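What follows is one structure encoded as structure tokens, with my remarks underneath.
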Amino acid sequence: MNGKVLAPLLSALVLVACGGEDGTDTTASSSSTGAAGGTTAGTGGAGGSGPAASTSTGGGGSEAITLTFAAEVGGQPFACGTSFDGLGASKSKAELLDFRLYVHDVRLLDGKDEVPVTLEQDGVWQLEKLALLDFEDKKGKCANGTTEKNLTVRGTIPAGVKYDGVRFKLGVPFELNHSDASTAPSPLNLSGLFWNWQGGRKFLRIDAMAEGAMKAFNLHVGSTGCDGDPASGGVTACTSPNVATIELAGFDAAKNTIVVDYAAMVAAVDFAKPDGGGASGCMGGKTDPECAQIFDKLGIDIATGSPKVGAQTAFKVK
Amino acid sequence: MRDLHRDVNGRRALTVALAIGALAACGGDSTEPPPTTTTSGGGTTFDFGLPPGVPKPRVPADNPMTPEKVELGRHLFHDTRLSLNETQSCASCHLQGKAFTDGRATSVGSTGDATPRGSMSLANVGYLTTLTWANPVLVALEDQALVPMFGEDPVELGLSGNEQTLLDRLAADPRYATLFAAAYPDEAEPFSLASVVRAIASFERTILSFSSPYDRYAYGGDPDALDASAKRGRDLFFSEELECFHCHGGFNFSDSTAHDGTAIIETMFHNTGLYNVGGTGAYPEPNTGVFAITGLASDMGRFRAPTLRNVALTAPYMHDGSMATLDEVLDHYAAGGRNVASGPNAGDGRLNPNKSEFLHGFALTQTQRADVIAFLESLTDTDLTERKRLSDPWTTP
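Chains F and S are the protein sequences, given in the same order. In this text, residue positions in the first sequence follow the numbering used here: the first is 493, and each later residue adds one. In this text, residue positions in the second sequence follow the numbering used here: the first is 221, and each later residue adds one.
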């Protein structure tokens, strides 16, 4: 992404977002007015002035909610330009080059009941039921990233909803994933997340440069086994969607943060060994040994590309 | 039998209209006027400058052809500012003099990354049903352009995450201000990624090759355009003994071809028995063909048949450049595959379980071999390699 795409909307955000020094960090004012029952009111972070901006101030029987995410590496807060120890089976030291992921279909859970969060359409980070979480700021080795960050998912839920859990999908829904990369709206227009060889997007991008390594250990997850239709020009289906379903209990948006930890994803990887095959790291390959190790932690069955709900260890509530 | 196949595979796409007249447009005119757009009956018709009877390439509804877009695309195609470090353009790996290939076994990106495959000829690329060597997902030139621009494994032009840098660079050049405004007169912001890839795709659709000696002979009504050897080679090429035409047939000498009149579009990939690593059917990583996209075992080693137009200019051959000469290529097909005797890729490709049914081998006398090569050389189109409208506008104004 680039300043030009984001600039007009971000300047609106800066005005609303209480003037944190890093005006591009949209967590600045979010989730600051939590109420009991895990609902929030007020405008927390919902300053986007997109054409379809929702009535996030709670009128009409709905109320605003902000889900806050945090990126960590082995329990330490992630930042570009910082090295992290103890990664993988080899306990390696590495600096990360990127940390972005798409989530969609966010739902609050209460026993068997579930309530979808209607996302604010901010024209930048959120589109339909999709949101991009962006933890990098282009500093250090994150050179192909963007200065802007986004650590929240913002939307509305019916007023008074009770919940104690959350579920969302890691990735881009099929109907959005294969849209024209050169004309798609934000946040589907970021070339660093293009996945053109499969006509889609990288769902999760975290690249790492381990100390002493010659090549980066890339972690790119996206749909594979896609098929194209030369008549329509579009992608018709993908045999391995590789969309994980993340379900977390004990969640209250007013009090909790959803933590995504890179160290947990690569816990089984031996960074000291030569790459076991396929892409350097994991670029979604079904037969790539590093993908097998990482998909297991994300809760994706690598053979089918289907989610194994409850199997993931990369996300937790804090 | 032979005549039937010759007709079906060598001529059908061109038939009726071709019979009407000679190919006035052929003949290496590198000073031809720029293409024009005529409007008739509410529709816009771009003049591709095709010889009579040659069907037009397919054009997406959202990217109609205009001379202005083509000219912008020509500038972009030849502009090294399209790589982040400003060392490479599209043309760096697609040289006009080599029928838009680069002469290397495998290509090298702007940052020195080795790509695993050879640069493919862009001659008649607008007719292809799928693009690159083996990707059923890439079906539009507009989408394909994003792969070398933004791809990271390998890095080619190295623009990932830097599209705004590119657009800023272009917008700072007064020459582009004029070109973009002319190409996109209705756009409030003509400098966009979509504008870039649409212009490049439009230019690519004008990389047309229909002026070879073979074209003059087969479609232009000039019986002397081929010598006796090339004519014999043609008969061999379209024979059931050699089977070449099954995959390299039709007016574009590739079965992955469609045009604006094609009703049912085919996507074709073939395993030609180049490898059989360890006898398992495997091709060496990362060149596993369509398998790399679909993950289906039956797609292992399947690649798209490239056009054979200008094949004498596009050495070395095969997806990995593993054959240096057309003689070697004929050896491979004569043997019905390649037996790699030793090394990490050892295995008998002739026994690859996915091998195309048309690779059953054949025997050629020395004369016949020379004839087939003479025919393949008759597909060389010097109008393509010299046409000014396709050349680098930054050095040849």
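All C-beta atoms, glycine included, are put in the ideal place defined by N, C-alpha and C. The model shown is predicted, which means the values in this text are computed figures rather than measured ones.
In this structure, the alpha-carbon of F:A673 lies about 19 Å from that of F:Q613. Only those residues of the segment 778–791 of chain F whose C-beta falls short of 7 Å from the nearest C-beta of chain S are listed: K778. When secondary structure is reduced to three states using DSSP, F:G647 falls in the strand class. Using beta-carbon distances, S:M369 counts as an interface residue toward chain F, with a partner under 9 Å.
The DSSP-derived three-state label of F:C774 is strand.
Taking a 10 Å sphere around the C-beta of S:A334, we find fewer than 16 other C-beta atoms and assign the residue as exposed.
Spanning the alpha carbons of F:L685 and F:P677 requires a straight line of approximately 13 Å.
Nearest to S:T426 by alpha-carbon distance, out of S:T616, S:G269, S:A414 and S:D612, is S:G269. Unbroken alpha helix (DSSP H) stretches of 4 residues or longer found wholly inside the segment 734–802 of chain F: 754–757 and 781–790, given in chain order.
Chain S places a beta carbon closer than 9 Å to that of F:W689, counting this residue as a contact.
It is roughly 59 Å from the alpha-carbon of S:P443 to the alpha-carbon of F:P679.
Where F:E587 is concerned, the enclosing beta strand (DSSP E) starts and stops at S584 to L588. At a cut-off of 9 Å between C-beta atoms, S:T500 does not count as an interface residue with respect to chain F.
Shown here, F:N669 sits in a helix according to DSSP, grouped into three states. Looking at the DSSP output, F:L600 bridges to F:V607 and F:V658.
Counted as a single uninterrupted DSSP element, the stretch harbouring S:G453 is not any beta strand (DSSP E) but the alpha helix (DSSP H) occupying residues A448 to F457.
The C-alpha of F:A795 is placed about 21 Å away from the C-alpha of S:V357. The beta carbons of F:F787 and F:V751 sit about 20 Å from each other, so the pair does not count as a contact at 8 Å. S:R278 carries a coil assignment under DSSP once its states are collapsed to helix, strand and coil.
Judged by DSSP in its simplified three-state form, S:M538 adopts coil rather than helix or strand.
No Cβ of chain S is located within less than 9 Å of the beta carbon of F:N748.
Here the segment 643–663 of chain F lies against the segment 604–619 of chain F, with 3 or more beta-carbon pairs under 8 Å apart. Counting C-beta atoms within 10 angstroms of its own C-beta, S:P374 has 16 or more neighbours from the protein chains shown and is therefore classed as buried.
The Cβ of S:S412 sits closer than 9 Å to at least one Cβ of chain F. Our two residues, F:L622 and F:N669, have alpha carbons roughly 10 Å apart in a direct line. Assignment of alpha helix (DSSP H) within the segment 352–398 of chain S, counting only whole runs of 4 or more residues, yields 361–364, 366–370 and 383–391 in chain order. Annotation: Cβ neighbours of S:N355 in chain F (cutoff 7 Å, chain order): W689.
Residue-level contact check: F:T731 touches chain S, since one or more beta carbons of chain S fall below 9 Å from its beta carbon. Per DSSP, F:V565 is not a residue of any alpha helix (DSSP H); the beta strand (DSSP E) it occupies stretches across S554 to V565.
Proximity of chain S to F:F660 at the Cβ level (cut-off 7 Å) is not reached, the minimal Cβ distance being about 25 Å. Nearest Cα to S:P272 within the set S:S431, S:L528, S:F423 and S:V359: S:S431. The beta carbon of F:D672 falls within 9 Å of a beta carbon belonging to chain S, placing the residue at that interface. DSSP places S:R589 in the uninterrupted alpha helix (DSSP H) bounded by Q586 to E597.
For F:T731, the enclosing beta strand (DSSP E) has its first and last residue at G726 to S732. In the structure shown, the three-state DSSP call for F:K810 is coil.
If you compare the alpha carbons of F:S732, F:A764, F:A784 and F:A571 with that of F:F666, the shortest gap goes to F:S732.
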